[in-house]
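Numbering (the working numbering), first residue to last: 142 to 242.
As structure tokens, then:
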């Protein structure tokens, strides 16, 4: 018998793990305000949670524009990860290739 995948449960687990890391990154940033990369990573996870939560709440097929916007937010959640890594390495935050996604 094949296993069924419950996407709602998978999204919930992902959001709970991400919220946990948001709390950790914000606590680290609060302790050392000079380490702004923690704030970038927390922002990335917040965007990720917002996108997954929004996709879970949209049920109607005619919500195409809202789904597209949430998928754009999901894509944009990767940009603060890259800027956080660049801040951690002491490099300039923005590069031209980050606008591609």
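Ideal Cβ positions, reconstructed from N, Cα and C, are used throughout, including at glycine.
Pick out whichever of the options has its Cα sitting closest to the Cα of residue i.
i	options	result
residue 177	219, 228, 232	228
residue 219	192, 209, 230, 167	192
residue 188	166, 161, 221	221
residue 231	175, 165, 168	175
Under 8 Å between the Cβ atoms of residue i and residue j?
i	j	result
residue 183	residue 170	yes
residue 195	residue 211	yes
residue 190	residue 156	yes
residue 180	residue 163	no
residue 250	residue 217	The requested residue 250 is not part of the displayed model; the chain covers only 142 to 242.
residue 152	residue 197	yes
residue 207	residue 199	yes
Terminal residues of the continuous alpha helix (DSSP H) containing residue i?
i	result
residue 179	178-198
residue 172	148-172
residue 233	No alpha helix (DSSP H) holds residue 233; DSSP gives it neither H nor E.
residue 208	205-217
Using 10 angstroms around the beta-carbon of residue i, count the other beta-carbons present and answer buried if the total reaches 16, otherwise exposed.
i	result
residue 149	exposed
residue 233	exposed
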